[in-house]
């Protein structure tokens, strides 16, 4: 995905005086709702995403998904849980649905 943002003032904050050229700087990029001011703040917890995606999504639910990585032959489950009782209860059901989906896939492959 490529994004072109024109006529935007960008503020960059890093721990160093200059951006390094050999090592990547990871962080968060934010843009204002008016789309006129953007900022980048270095964050060690952010991830650098490079290269081709190894896995592909094979099941998508409202707050859950199942991914398959053919390189490592592994499934991965993603669950979204909000801080309320209903979401926690639904996440248990979503997890069970994902596990049952994976079991069916494994059974079909045999």
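Numbering (this note's numbering), first residue to last: 16 to 125. Ideal Cβ positions, reconstructed from N, Cα and C, are used throughout, including at glycine.
| Query | Result |
| --- | --- |
| Straight-line Cα distance separating residue 118 from residue 124 | 10 Å |
| Where residue 69 falls: helix, strand or coil (DSSP) | coil |
| Same chain, Cβ closer than 8 Å to residue 76, five either side skipped, listed in chain order | 109, 112 and 113 |
| Of the listed residues 58, 97, 49 and 52, nearest to residue 43 (C-alpha basis) | 58 |
| DSSP-derived helix/strand/coil call for residue 97 | coil |
| Exposure of residue 79, with buried meaning 16 or more beta-carbon neighbours within 10 Å | buried |
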